[in-house]
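In case it helps, our numbering puts the sequence shown at residues 1128 to 1634. The C-beta atom is built at its ideal place from N, Cα and C for all residues, glycine as well. The model shown is predicted, which means the values in this text are computed figures rather than measured ones.
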Amino acid sequence: MAQPLRGLILVALVMAVASGIALSEERPGLVTKTESFDRDPGWEAHDNRIAPKEYPTIVQDFGYSPTNVAGRAPGEMGGRVWRASEPAYYADKIGPKTLDDKLSASGTFALTKTTAGAGMFFGFFKAEQPGGGGRPIGSLGLHMDCERSGARLAVRLITGKNQSCGTFITPFIPGKFRPTPIRNDGTRYTWTLDYDPQAADGRGRFTFTLRSDAHQPGELEKADLPESHKQEARRRFPSTTTFAVDLPEGYKRQGTTFDHFGLMNMMKAGGHMTIYFDDLQYDGRSEDFAQAPNWDASGNRVTYQAADVAGAHNFGFSNTNHAGGRPGEVGGTFWRTDKNWGYYADRVGPLTLDDRLEASGRVVLRVGGPDSDMHLGWFNSAVKDQPPAQGGHFLGIHVGGPTRVGHYFQPAYATAKGTRGRADTGPVLVPGKVYEWTLVYDPAANGGQGAIQVTLGQESVTLPLKAGHKAQGGRFDRFGLLTAYPGGQLVRIFLDDLKYTAARSAP
1128 MAQPLRGLIL VALVMAVASG IALSEERPGL VTKTESFDRD PGWEAHDNRI APKEYPTIVQ
1188 DFGYSPTNVA GRAPGEMGGR VWRASEPAYY ADKIGPKTLD DKLSASGTFA LTKTTAGAGM
1248 FFGFFKAEQP GGGGRPIGSL GLHMDCERSG ARLAVRLITG KNQSCGTFIT PFIPGKFRPT
1308 PIRNDGTRYT WTLDYDPQAA DGRGRFTFTL RSDAHQPGEL EKADLPESHK QEARRRFPST
1368 TTFAVDLPEG YKRQGTTFDH FGLMNMMKAG GHMTIYFDDL QYDGRSEDFA QAPNWDASGN
1428 RVTYQAADVA GAHNFGFSNT NHAGGRPGEV GGTFWRTDKN WGYYADRVGP LTLDDRLEAS
1488 GRVVLRVGGP DSDMHLGWFN SAVKDQPPAQ GGHFLGIHVG GPTRVGHYFQ PAYATAKGTR
1548 GRADTGPVLV PGKVYEWTLV YDPAANGGQG AIQVTLGQES VTLPLKAGHK AQGGRFDRFG
1608 LLTAYPGGQL VRIFLDDLKY TAARSAP
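Set out below in structure tokens:
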């Protein structure tokens, strides 16, 4: 056995013993199964590969333009930007810059058309993107999403580890107050963005301003609005025009690099918008687009059929090796959906919360959008109306947010009565990094109430079952991968070389 793996097992053993959970290679009374995925294992599949009714045609058509919509004189950049899983950008090469560098940018923009579900990013970013994750990993800048009536605006930092911080510039109360004050009639907006790595006691801070002569403070504070909505409107544009965000502790140490500055589509299936930028100042440079600059362009003038359609799960056996080792693994694209939940799983059991359950393997998160989740573990295939992690009879691992964290790899369960438990924290998956992982559920731990320990790399978290939850029971006849609830974005994840408790030994 290689030294790193031997060390990992030793660390996991020490952590397990410290928490009262003991690991064992062989467990009397239980059968462990190993799956290397050298060939298709023929696991049971349920709504794991959904064929969309249609694949939309994407038309990206943006870059240098001789027009005069956003700036002082003819010549600008922009055009039609389509929200789609595949990355597309038009940007100047810079740096590379990191969060230890001062950054500043300014300019103007104007929209002339918006459709529902459109979105774009403008600012500093890393050009190499996996696609499908919505927002660009390793970026600092403007995030715009649209309705037919106009656009909303936020400014965010997304680190190299896919953790995020930022603020809405326009009012936003989820599900209640989401106006679109950024107009789509050619109105010009002037903006600035500055990042100081020494501010906020050395953690870093970015500030943003937005102004337009076409708007007046208080214009969103209609008389019939609830007071909470009025307060939100006062905190945002156009009533407030200057915003500041302090970076959380440790964000500067997450290996974030920016090598381009410019325009990129948001990478999730959606609509299209037409937007222009001009009179830019950035990285000590000026660009008024009086003539076409020699900027980098990728996917910005293309027409094609979209591959990813919202809600179309596409996971199962895959003859790839994203998770390392020889070709052959399990995984793919998992959408968070309100309906059509799916799974790909092996038949096991029956097993219950009275049985010791163990699993291990390798995992890699390729793409993790905001508001995206999936699950791995034991569940009951008879639960069809909603995912078992939501409805009951589940024990395993949750992969998901919140967005400020990225994607936890943490223990979770749901009893036969639908009572749920999940760790408050846990190890975090860094996109593109391959990890060894283990899960141990010990029904005797936690004073006989049961506890789940999950280890990812060299980090562990233990979830004790709450009093009485184990007694509510849980019956498991499958082990595998499941989608999550409710509606959201996609996770693209792969696993290999799995070992898992599959049955009780014959008496």
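Inter-residue CB distance, residue i and residue j (contact presumed, cutoff 8 Å)
{"i": "Phe1621", "j": "Ser1445", "result": "7 Å"}
{"i": "Gly1443", "j": "Gly1455", "result": "About 12 Å; that fails the 8 Å criterion."}
{"i": "Thr1334", "j": "Phe1364", "result": "Going by Cβ atoms, the distance from Thr1334 to Phe1364 rounds to 14 Å, so no, they are not a contact pair."}
{"i": "Gly1438", "j": "Trp1422", "result": "35 Å between Cβ atoms; not a contact."}
{"i": "Gly1451", "j": "Tyr1378", "result": "Going by Cβ atoms, the distance from Gly1451 to Tyr1378 rounds to 28 Å, so no, they are not a contact pair."}
{"i": "Leu1238", "j": "Thr1401", "result": "7 Å"}
{"i": "Val1510", "j": "Gly1504", "result": "With 8 Å as the limit, Val1510 and Gly1504 do not qualify as a contact, their Cβ atoms being about 13 Å apart."}
{"i": "Leu1617", "j": "Gly1259", "result": "6 Å"}
Beta-bridge partners of residue i, as assigned by DSSP
{"i": "Asp1373", "result": "Arg1332"}
{"i": "Trp1505", "result": "Leu1522, Phe1606"}
{"i": "Asn1441", "result": "Arg1176, Thr1460"}
{"i": "Thr1184", "result": "Gln1432"}
{"i": "Met1394", "result": "Gly1261"}
{"i": "Ala1281", "result": "His1270, Phe1295"}
{"i": "Trp1209", "result": "His1399"}
{"i": "Tyr1612", "result": "Per DSSP, none; premise fails for Tyr1612."}
{"i": "Val1491", "result": "Val1561, Phe1621"}
{"i": "Ala1360", "result": "Beta-bridge pairing links Ala1360 to no other residue."}
{"i": "Lys1220", "result": "His1387"}
{"i": "Tyr1627", "result": "Lys1160, Ala1486"}
{"i": "Trp1318", "result": "Gly1234, Leu1337"}
{"i": "Arg1412", "result": "Tyr1409"}
{"i": "Asn1581", "result": "Inspection of the sequence shows that residue 1581 is occupied by Val rather than by Asn. According to DSSP, which records beta bridges pairwise, Val1581 is partnered with Leu1566, Val1588."}
{"i": "Leu1478", "result": "Phe1603"}
Selected residue, minimal CA-CA separation from residue i, among the options
{"i": "Ala1211", "options": "Gly1548, Gln1513, Gly1244", "result": "Gly1244"}
{"i": "Asn1175", "options": "Gly1615, Gly1614, Leu1617, Thr1610", "result": "Thr1610"}
{"i": "Gly1234", "options": "Asp1328, Gly1198, Leu1592", "result": "Gly1198"}
{"i": "Met1393", "options": "Arg1531, Ser1366, Glu1376, Pro1497", "result": "Pro1497"}
{"i": "Ala1360", "options": "Ile1296, Glu1376, Asp1435, Lys1511", "result": "Ile1296"}
{"i": "His1534", "options": "Thr1319, Ala1326, Ile1264", "result": "Ile1264"}
{"i": "Phe1236", "options": "Gly1202, Ser1266, Arg1262", "result": "Gly1202"}
{"i": "Asn1507", "options": "Gly1495, Thr1542, Asp1482, Thr1401", "result": "Thr1542"}
{"i": "Asp1312", "options": "Ala1341, Gly1329, Ala1326", "result": "Ala1341"}
{"i": "Gln1537", "options": "Gln1513, Ala1200, Leu1566", "result": "Leu1566"}
{"i": "Pro1091", "options": "Thr1401, Thr1464, Glu1485", "result": "What is shown of the chain runs 1128 to 1634, which leaves residue 1091 out entirely."}
{"i": "Val1581", "options": "Ser1276, Val1561, Gly1451, Val1526", "result": "Val1526"}
{"i": "Ala1278", "options": "Pro1570, Thr1430, Thr1314, Cys1292", "result": "Thr1314"}
{"i": "Lys1560", "options": "Leu1592, Arg1493, Gly1601, Ala1516", "result": "Arg1493"}
{"i": "Arg1305", "options": "Lys1288, Asn1289, Cys1273", "result": "Cys1273"}
{"i": "Thr1546", "options": "His1520, Ile1177, Arg1619", "result": "His1520"}
{"i": "Gly1398", "options": "Thr1384, Ala1433, His1387", "result": "Ala1433"}
{"i": "Leu1484", "options": "Asp1604, Pro1179, Asp1219, Gly1495", "result": "Asp1604"}
{"i": "Lys1544", "options": "Arg1602, Asp1569, Tyr1568, Leu1280", "result": "Arg1602"}
{"i": "Ala1218", "options": "Gly1389, Leu1347, Arg1428", "result": "Gly1389"}
{"i": "Pro1375", "options": "Asp1415, Ala1326, Gln1408", "result": "Ala1326"}
{"i": "Gly1553", "options": "Tyr1568, Asp1569, Val1532, Tyr1562", "result": "Val1532"}
{"i": "Ala1281", "options": "Arg1275, Cys1292, Gly1287", "result": "Cys1292"}
Nearest-angstrom Cα separation, counted from residue j out to residue i
{"i": "Pro1168", "j": "Glu1162", "result": "8 Å"}
{"i": "Gly1488", "j": "Thr1159", "result": "13 Å"}
{"i": "Val1208", "j": "Asn1441", "result": "26 Å"}
{"i": "Ser1587", "j": "Gly1250", "result": "36 Å"}
{"i": "Gln1599", "j": "Leu1480", "result": "9 Å"}
{"i": "Ala1172", "j": "Asp1473", "result": "9 Å"}
{"i": "Leu1226", "j": "Ile1285", "result": "11 Å"}
{"i": "Ala1630", "j": "Leu1478", "result": "7 Å"}
{"i": "Arg1453", "j": "Leu1522", "result": "29 Å"}
{"i": "Met1204", "j": "Lys1466", "result": "40 Å"}
{"i": "Asp1323", "j": "Lys1224", "result": "13 Å"}
{"i": "Ala1594", "j": "Asp1551", "result": "17 Å"}
{"i": "Ser1413", "j": "Leu1320", "result": "15 Å"}
{"i": "Leu1230", "j": "His1270", "result": "17 Å"}
{"i": "Gly1574", "j": "His1356", "result": "48 Å"}
{"i": "Tyr1316", "j": "Lys1240", "result": "15 Å"}
{"i": "Gln1358", "j": "Lys1349", "result": "11 Å"}
{"i": "Pro1298", "j": "Pro1344", "result": "13 Å"}
{"i": "Asp1410", "j": "Ala1424", "result": "19 Å"}
{"i": "Glu1153", "j": "Asp1512", "result": "Note on Glu1153: pLDDT 46, under 50, position unreliable in the model; no value is reported."}
{"i": "Pro1214", "j": "Ala1396", "result": "11 Å"}
{"i": "Gly1268", "j": "Ala1571", "result": "50 Å"}
{"i": "Thr1430", "j": "Ala1254", "result": "20 Å"}
{"i": "Gly1190", "j": "Phe1404", "result": "10 Å"}
{"i": "Asp1435", "j": "Pro1301", "result": "26 Å"}
{"i": "Asp1623", "j": "Gly1548", "result": "26 Å"}
{"i": "Gln1408", "j": "Trp1318", "result": "11 Å"}
{"i": "Ser1266", "j": "Gln1290", "result": "11 Å"}
Segments of 3+ residues assigned as beta strand (DSSP E) that fall wholly inside the region 1222-1274: 1230-1241, 1246-1252, 1266-1274
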